[in-house]
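In the numbering used here, the protein residues as written are -13 to 81.
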């Protein structure tokens, strides 16, 4: 039983690390593309900079929200693991 619990906890830690890491990587790539396209479009049409800057900040907020949702899901799995509680219920029912 302890082996099952420790295996679920270790797999949950790995999953949480992957969720946070891949979310951060995706956000970083998104910000890089967004910044590059903003600079490119503002160099082509300097009169559109205020409009483009507003849209840049809106999209930047959405990009940040995606990674924060990933952090929230990872914290849910870390501190209130539904897999662990289900496994413990199965083990208790077997005894």
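Ideal placement from N, C-alpha and C gives every residue a C-beta, glycine not left out. It should be emphasised that the depicted structure is a prediction, and the values quoted were computed from it without experimental measurement.
What's the C-alpha gap between residue i and residue j?
i: residue 71; j: residue 62; result: 13 Å
i: residue -13; j: residue 14; result: 41 Å
i: residue 20; j: residue 37; result: 14 Å
i: residue -4; j: residue 78; result: 21 Å
i: residue 53; j: residue 17; result: 12 Å
i: residue 47; j: residue 40; result: 11 Å
Secondary structure at residue i, three-state DSSP: helix, strand or coil?
i: residue -7; result: helix
i: residue -13; result: coil
i: residue 31; result: coil
Could you tell me how far apart the beta carbons of residue i and residue j are, in whole angstroms, since I believe they sit closer than 8 Å?
i: residue 0; j: residue 67; result: With a Cβ gap of about 13 Å, residue 0 and residue 67 do not count as contacting.
Indicate whether residue i and residue j have their beta-carbon atoms separated by less than 7 Å.
i: residue 60; j: residue 5; result: yes
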